[in-house]
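Peer 1: Have a look at this one.
In mature numbering (1 follows the signal peptide of the UniProt record, and there is no 0), the protein residues as written are -24 to -1, 1 to 429.
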């Protein structure tokens, strides 16, 4: 949860609260077409909004008590890493009232549109009845995003109590909804359909698409780290009956993540992940963890990691960065490598080669063997470039591959029969995996032999 300590927002929310303008009867949770909103200081409600939350277009209350007000807000939000850029987004706003002079505000963004192309000052959001579209444009008129609902009989827009932003027609039928366009967060009732992705942000200060993504297939739930080729690090397989012909999906429902892979509602789900005691939203975070965030009526709970029962701290691709050796969440570098960035104490900066390998005669290279070292991508059997092979053939395949930096080999009893992985690039290496696996593994890192320049 991100804290936004801006006094003007507090002042306005307190005014709205004490004027009883946050009741479900008087909140503006809809707008009829045509309508237009401009992202500038003149559009700020009462002129009192902090630029961290530039302009609210729609509000929908979630809960209210004597010390806590929570509601969905839709509007222009400031980019956390650049105060000249804005997103059109939906956020959960918590106003906590401890006393007359002691209040705080938390804002969590749960959906936004133009994540890879934020807009600037003077951008407009247009709700067009003639075209049936909701369009976001820069101040110069350049279109940045739209709902692509052209030629529909759109009558208006509304923000639902679930946080779903809906375009509707004159018969109140849904034309378009934000729930069909996931970003990195699941709200209660929202589905992630097969073929869709939750793509994590780069960081808490950079909301563009990051390297981690979560997806659903007809076989289950999977998480990947994007690189030259996506590398899987989590899978939850579902063995269903195959009775349903509908598209597979996962859904945030009744406080759990329910997997409908071979079944469909109203039947029971094929499987469920962890069921927390309180629920508000699920977010696929920049570090590749899938967490549950809750906090209603002032009860702010610690996030619950849905992957915690399946993955350890070292099982994440960037736990220790490129070539980093991870043990219980602590990182080090293998021989022939140094920390990539010594100016920081961060664990995940990775390691770099002291003497880099190049594309020359394969006989000028050897391998640094690291026994009992595992790799997160072992969860994906299809990622093995050689199956049922021996360790020498695995190493030879790496020597013959110019771009190969390391060979990883796992086997059960004998090195004469196992699977060979040649990941590119090479991410975090797991040094504490032996106790968690029934098979054995070694890593072979390519290095230039003595006497070569």
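In this text, a Cβ means the ideal position worked out from N, Cα and C, and glycines have one as well.
At which residues does the beta strand (DSSP E) containing residue 308 begin and terminate?
Peer 2: 306 to 308
Peer 1: By DSSP, does residue 239 sit in helix, in strand, or in coil?
Peer 2: In the structure shown, residue 239 falls within a coil segment according to DSSP collapsed to helix, strand and coil.
Peer 1: According to DSSP, is residue 357 part of a helix, a strand, or is it coil?
Peer 2: helix
Peer 1: How should residue 396 be labelled, buried or exposed, when 16 other C-beta atoms within 10 angstroms of its C-beta is the threshold for buried?
Peer 2: buried
Peer 1: State the Cα-Cα distance for the pair residue 430 and residue 283, rounded to the nearest angstrom.
Peer 2: Coverage of the chain is limited to positions -24 through 429, which leaves residue 430 absent and any answer about it impossible.
Peer 1: Would the region 193 to 208 and the region 140 to 149 be scored as touching if the rule is three or more Cβ pairs under 8 angstroms?
Peer 2: no
Peer 1: From 195, 182, 196 and 172, pick the residue whose C-alpha is nearest to that of residue 189; which is it?
Peer 2: Of 195, 182, 196 and 172, the smallest CA-CA separation from residue 189 is found for 172.
Peer 1: Using 8 angstroms as the Cβ pair cut-off and three pairs as the minimum, do the region 162 to 170 and the region 137 to 145 touch?
Peer 2: Yes, they touch.
Peer 1: Assign residue 414 to one of three DSSP states: helix, strand, or coil.
Peer 2: coil
Peer 1: To the nearest angstrom, report how far apart residue 86 and residue 231 are at their CA atoms.
Peer 2: 17 angstroms
Peer 1: Does the beta-carbon of residue 417 have 16 or more other beta-carbons within 10 angstroms, so that it is buried, or is it exposed?
Peer 2: Buried.
Peer 1: Would you decide whether residue 242 is buried or exposed? Buried here means 16 or more other CB atoms lie within 10 Å of its CB.
Peer 2: exposed
Peer 1: Tell me the rounded alpha-carbon separation between residue 23 and residue 50.
Peer 2: At residue 23 the pLDDT is 32, less than 50, meaning the model places this residue with poor confidence and gives no usable figure here.
Peer 1: Using CA atoms only, rank isn't needed, just tell me which of 375, 350 and 67 is closest to residue 343.
Peer 2: 375
Peer 1: Just to confirm the assignment, what range does the beta strand (DSSP E) spanning residue 199 have?
Peer 2: Counting along the chain, the beta strand (DSSP E) containing residue 199 begins and ends at 196 to 201.
Peer 1: Quick check: the Cα distance between residue 212 and residue 191, rounded to an integer number of angstroms?
Peer 2: 11 angstroms
Peer 1: Since residue 347 is in the beta strand (DSSP E), which residue starts that stretch and which ends it?
Peer 2: Run containing residue 347: 341 to 347, per the beta strand (DSSP E) assignment.
Peer 1: Here's the rule: buried if 16 or more other CB atoms are within 10 angstroms of the residue's CB, otherwise exposed. What is residue 266?
Peer 2: buried
Peer 1: I'd like the list of long-range same chain contacts for residue 287, defined as Cβ closer than 7 angstroms, with 5 residues on each side in sequence excluded.
Peer 2: 210
Peer 1: Among residues of its own chain, excluding the 5 on either side of residue 1, which ones have a beta-carbon nearer than 6 angstroms to its beta-carbon?
Peer 2: Because residue 1 carries a pLDDT of 36, less than 50, the predicted location of this residue cannot be relied on, and no value is offered for it.
Peer 1: Which stretch, first to last residue, makes up the alpha helix (DSSP H) that contains residue 369?
Peer 2: 367 to 375
Peer 1: In chain order, what residues of the same chain have a beta carbon less than 7 angstroms from the beta carbon of residue 398, not counting five sequence neighbours either side?
Peer 2: 361, 373, 374, 377, 380 and 383
Peer 1: Does the distance from the CB of residue 16 to the CB of residue 97 come in under 9 angstroms?
Peer 2: yes
Peer 1: Looking at residue 298 and residue 404, is the spacing between their C-beta atoms short of 9 angstroms?
Peer 2: yes
Peer 1: Bridge partners of residue 330, per DSSP?
Peer 2: Paired residues: none, contrary to the question.
Peer 1: Please report the distance separating the alpha-carbon of residue -18 from that of residue 63.
Peer 2: Summary for residue -18: the model assigns pLDDT 42, below 50, so the residue's position carries little reliability; its value from the coordinates is reported in the next sentence. Cα to Cα, residue -18 sits roughly 21 angstroms from residue 63.
Peer 1: Would you say residue 422 and residue 365 are within 9 angstroms of each other, going by their C-beta atoms?
Peer 2: no
Peer 1: What separation, rounded to the nearest whole angstrom, lies between the Cα atoms of residue 131 and residue 124?
Peer 2: 15 angstroms
Peer 1: Taking the alpha carbon of residue 187 as the point to measure from, which residue in 6, 261 and 237 has its own alpha carbon closest?
Peer 2: 261
Peer 1: Where does residue 154 sit, in a helix, a strand or coil, going by DSSP?
Peer 2: helix
Peer 1: Quick one: what does DSSP say residue 192 is sitting in, helix, strand or coil?
Peer 2: Correct three-state label for residue 192: strand.
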